[in-house]
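J.:
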Amino acid sequence: MSAPRLPDTIEGDGVRLRPYRVEDVPDVAAACADPLTQRFISGMPSPYTEADARWWVTEGAPAARAAGGASYAIADPATDRLLGGAGLGNLVPVRGQAELGYWVAPWARGRGVATAATRALAAAAFAHGTARMELLTHPENTASQRVALAAGFRHEGVRRAANLARGGGRQDLVCWVRLVDDPPGPVPRLLPDLPGGRLTDGVVTVRPVGPDDAEALFALHSLPEVVANRVPPRAPTPAEVERRCRLAGTRWLAGEAADLAIVDAHTGELAGGCMLYHDEQATGQAMVGFSLLPAGRGRGLATRAVRLVTGWAFDGVGLARVWAGTRPENAASQRVLERAGFTREGLLRGRLPGPDGTRVDSVQYARLATDPPG
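Note that full-length UniProt numbering numbers the sequence shown so that position 86 is 86, with each residue one more than the last.
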């Protein structure tokens, strides 16, 4: 199978994909010098100059097309002003596979340009013989991951160390895939966004974890009583917590886990952490875990947070069952779960790894969507 030859111009919903023109050079230069573009587009010259833009418009983009790929300017159909760029590369004709990439100029962001261009280019490629389309995103680029989902691409996994990192070393890439017979999107989210970006009862607020939470969460997960309940029971390194906070958004969009900060609604201070881990998607089940800093204990914040998260799990996510496990001696967490409407189901012997190669028991609790709230 040979690589598909796409049309010179592709019309999309509010966008036009067309060949680059010399008149685009100033806009290409301005857009590609933008810090966000520089951060997430590998191989981009830095600093990016008008000479780089001119080379791309007159030589780079035509060469990509001559080699069997495609490189388009994304333009406004009404004004013809450049809004970004999109293209196909890394073709594997024998498999009918191509990789789709794009960038959006700062003045065009937040308008659905990337989603419209991705849908239009994917549709054209599928109509001309492509069977499988990949979209690879930087692990921290949740905006592009949202575009992938909106354009019908499904999370397929992580390509470890698949890309050269700016400044040296290698970095992972998150792989999103759409097949020729997949619908154009959006892909249903396993874990939707929190309504309004947070959950609150006026006393406690639960919101997504972000990079700024790393220091507080490292302090939390370094406490001996919290370490004892971690799996495995060891303290994390600062780098591990920092990475967890940076990639929390990606794990959420992939449907793996909702990593949450428990915050005092009055002071805004982080009081602890909570996670809804989507461990059994096929059966509509997830696990909830939680822990508090000493200053947040004894005030009912954990119970309120677990109620909020469990209610969202049932009403927002559509789960049927949420479960939690505690060590037998962890009476405080057991009281939280019981006050939040969970029922003790039994003792799982030797379920968890303990210190020095031992195994420890776990007391299992669960709450069903049909159970009354706690």
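Even glycine gets a Cβ: it sits at the ideal position worked out from N, Cα and C. For clarity, every value in this text was computed on a predicted model and none was experimentally measured.
#1: What do you reckon, are the CB atoms on Gly-298 and Leu-220 nearer than 8 Å?
#2: Over what stretch of residues does the beta strand (DSSP E) that includes Val-22 continue unbroken?
#3: Which residues in the same chain as Ser-2 place their Cβ atom closer than 7 Å to its Cβ, once the five residues preceding and following it in sequence are excluded?
#4: What residues are listed by DSSP as bridge partners for Trp-312?
#5: In terms of DSSP beta bridges, what is His-155 paired with?
#6: In terms of DSSP beta bridges, what is Tyr-365 paired with?
#7: At what residues does the beta strand (DSSP E) containing Glu-134 begin and finish?
#8: Are the region 81–88 and the region 135–147 touching, with three or more C-beta to C-beta distances below 8 Å?
#9: If we call anything under 8 Å between Cβ atoms a contact, is Gln-97 one with Leu-190?
#10: Comparing C-alpha positions only, which one of Thr-205, Gly-43, Asp-356, Leu-36 sits nearest to Arg-170?
#11: Relative to the alpha-carbon of Arg-65, which residue among Thr-142, Arg-95, Thr-9, Pro-47 has its alpha-carbon at the smallest distance?
#12: With C-beta atoms as the reference, is Val-226 less than 8 Å away from Arg-304?
#13: Taking all protein chains shown into account, do 16 or more other C-beta atoms lie within 10 angstroms of the C-beta of Asn-141, making it buried, or fewer, making it exposed?
#14: Output the distance between the C-alpha atoms of Arg-198 and Ala-313, rounded to the nearest integer angstrom.
#15: Roughly how many angstroms lie between the CA atoms of Leu-88 and Gly-341, to the nearest whole one?
#16: Less than 8 Å separating the beta-carbons of Ala-271 and Leu-292?
#17: My assumption, with CB atoms under 8 Å, is that Pro-353 sits in contact with Val-231. Please give the rounded CB distance.
#18: On the DSSP bridge list, what partners appear for Gln-171?
#19: DSSP three-state call for His-221: helix, strand or coil?
#20: Do Tyr-72 and Leu-17 have their beta-carbon atoms positioned less than 8 Å apart in this structure?
#21: Taking DSSP's pairing of strands, which residues face Pro-106 in a bridge?
#22: Taking the beta carbon of Val-22 as the centre, do at least 16 other beta carbons fall within 10 Å, making it buried, or is it exposed?
#23: So Tyr-102 and Ala-120 are supposed to be a Cβ contact under 8 Å. How far apart are they, rounded?
#24: Buried or exposed: which applies to Leu-337, given that a residue is buried once 16 or more other Cβ atoms fall within 10 Å of its Cβ?
#25: Run through the region 267–315 for me and flag every whole beta strand (DSSP E) of 3 or more residues, listed as ranges in chain order.
#26: Among residues of its own chain, excluding the 5 on either side of Arg-359, which ones have a beta-carbon nearer than 6 Å to its beta-carbon?
#27: Using DSSP bridges, identify the partner residues of Ser-71.
#28: If you check the beta carbons only, do Pro-206 and Leu-260 fall under 8 Å apart?
#29: Find the nearest neighbour of Pro-7 within the set His-128, Arg-54, Ala-31, judged by alpha-carbon distance.
#30: Buried or exposed: where does Gly-12 fall if 16 or more other Cβ atoms within 10 Å of its Cβ makes it buried?
#31: With distances taken Cα to Cα, identify the nearest neighbour of residue 375 among Ala-332, Gly-316, Trp-55, Arg-178.
#32: Determine the direct distance from the alpha carbon of Leu-91 to that of Val-317, and round the result to whole angstroms.
#33: Rounded to whole angstroms, what is the Cα-Cα separation between Arg-95 and Val-180?
#34: If distances are taken between C-alpha atoms only, which option among Glu-99, Met-287, Asp-76, Phe-126 comes closest to Asp-27?
#35: Is Leu-308 closer than 8 Å to Asp-201 when the C-beta atoms are compared?
T.: In this structure, then:
#1: In the sequence shown, residue 298 corresponds to position 298, counting from 1. In the sequence shown, residue 220 corresponds to position 220, counting from 1. Taking a C-beta distance under 8 Å as the contact criterion, Gly-298 and Leu-220 do not qualify as a contact pair.
#2: Here residue 22 corresponds to residue number 22 of the sequence shown, with the count starting at 1. First-last for Val-22: undefined, no H or E at that position.
#3: Here the question's residue 2 lines up with position 2 in the sequence shown. Any answer about Ser-2 is weak, because its pLDDT of 48 lies below 50 and its placement is not dependable; what the coordinates show is given next. Cβ neighbours of Ser-2 beyond the five flanking positions: Pro-93.
#4: Start at 1 with the first residue of the sequence shown, and residue 312 comes out as number 312. Bridge partners of Trp-312 according to DSSP: none are assigned.
#5: As a first step, residue 155 must be located in the sequence shown, where it is residue number 155. Partner(s): Trp-176.
#6: Looking up residue 365 in the sequence shown gives position 365. Per DSSP, the beta bridge partners of Tyr-365 are Ala-324, Arg-344.
#7: Working through the sequence shown from its first residue, we reach residue 134 at position 134. 132–137 is the span of the beta strand (DSSP E), which, as asked, contains Glu-134.
#8: Judged by Cβ distances under 8 Å, the region 81–88 makes no contact with the region 135–147, as fewer than three pairs qualify.
#9: Here the question's residue 97 lines up with position 97 in the sequence shown. Here the question's residue 190 lines up with position 190 in the sequence shown. Cβ distance not < 8 Å, so Gln-97 and Leu-190 don't count as in contact.
#10: Residue numbering aside, residue 170 sits at position 170 when the sequence shown is read from its first letter. Arg-170 has its Cα closest to that of Gly-43, out of Thr-205, Gly-43, Asp-356, Leu-36.
#11: Here the question's residue 65 lines up with position 65 in the sequence shown. Of the candidates Thr-142, Arg-95, Thr-9, Pro-47, the one whose C-alpha sits nearest the C-alpha of Arg-65 is Thr-9.
#12: Locating residue 226 in the sequence shown gives position 226, counting from the first residue. Locating residue 304 in the sequence shown gives position 304, counting from the first residue. No, they are not a contact pair.
#13: Taking the first residue of the sequence shown as position 1, residue 141 is located at position 141. Asn-141 should be labelled buried.
#14: Start at 1 with the first residue of the sequence shown, and residue 198 comes out as number 198. Start at 1 with the first residue of the sequence shown, and residue 313 comes out as number 313. The alpha-carbon atoms of Arg-198 and Ala-313 are separated by roughly 13 Å.
#15: Here the question's residue 88 lines up with position 88 in the sequence shown. Here the question's residue 341 lines up with position 341 in the sequence shown. About 52 Å.
#16: Position 271 of the sequence shown, counted from the start, is the residue given in the question as residue 271. Position 292 of the sequence shown, counted from the start, is the residue given in the question as residue 292. Yes.
#17: Indexing the sequence shown from 1 puts residue 353 at position 353. Indexing the sequence shown from 1 puts residue 231 at position 231. Right, their Cβ atoms sit about 7 Å apart.
#18: Within the sequence shown, residue 171 is the residue found at index 171, counting from 1. Residue pairing by DSSP puts Gln-171 in a beta bridge opposite Asn-163.
#19: As a position in the sequence shown, residue 221 is number 221, starting the count at 1. It is helical.
#20: Within the sequence shown, residue 17 is the residue found at index 17, counting from 1. Within the sequence shown, residue 72 is the residue found at index 72, counting from 1. Going by C-beta atoms, Leu-17 is nearer than 8 Å to Tyr-72.
#21: By 1-based counting over the sequence shown, the position of residue 106 is 106. DSSP links Pro-106 through a beta bridge to no other residue.
#22: Taking the first residue of the sequence shown as position 1, residue 22 is located at position 22. Val-22 comes out exposed.
#23: The residue given as residue 102 occupies position 102 in the sequence shown. The residue given as residue 120 occupies position 120 in the sequence shown. Actually they are not in contact, since the Cβ atoms of Tyr-102 and Ala-120 sit about 11 Å apart, beyond 8 Å.
#24: Taking the sequence shown and counting its residues from 1, one reaches residue 337 at position 337. It is buried - the Cβ of Leu-337 has at least 16 other Cβ atoms within 10 Å.
#25: Listed in chain order, the complete beta strand (DSSP E) runs (minimum 3 residues) inside the region 267–315 are 270–280, 285–292.
#26: Within the sequence shown, residue 359 is the residue found at index 359, counting from 1. Only Gly-350 meet the Cβ criterion.
#27: The count along the sequence shown starts at 1 and reaches residue 71 at position 71. Paired residues: Gly-87.
#28: One-based indexing of the sequence shown puts residue 206 at position 206. One-based indexing of the sequence shown puts residue 260 at position 260. Per the sequence presented here, residue 206 reads as Val, with Pro not at that position. For Val-206 and Leu-260, yes; Cβs fall inside 8 Å.
#29: Residue mapping note: residue 7 aligns to position 7 of the sequence shown, counting from 1. When only C-alpha atoms are compared, the closest one is His-128.
#30: Numbered from 1 along the sequence shown, position 12 holds the residue referred to as residue 12. Buried, since its Cβ has 16 or more Cβ neighbours within 10 Å.
#31: Since the first and last residues shown for the chain are 1 and 374, residue 375 lies out of range.
#32: Counted from its first residue, the sequence shown places residue 317 at position 317. Counted from its first residue, the sequence shown places residue 91 at position 91. Taking the straight line joining both Cα atoms gives about 37 Å.
#33: Within the sequence shown, numbered from 1, the residue matching residue 95 stands at position 95. Within the sequence shown, numbered from 1, the residue matching residue 180 stands at position 180. Rounded to whole angstroms, Arg-95 to Val-180 spans 12 Å at the Cα level.
#34: The sequence position of residue 27 within the sequence shown is 27, counting from 1. Nearest C-alpha to Asp-27: Asp-76.
#35: Working through the sequence shown from its first residue, we reach residue 201 at position 201. Working through the sequence shown from its first residue, we reach residue 308 at position 308. Yes; because the gap between Cβ atoms is below 8 Å, this pair is in contact.
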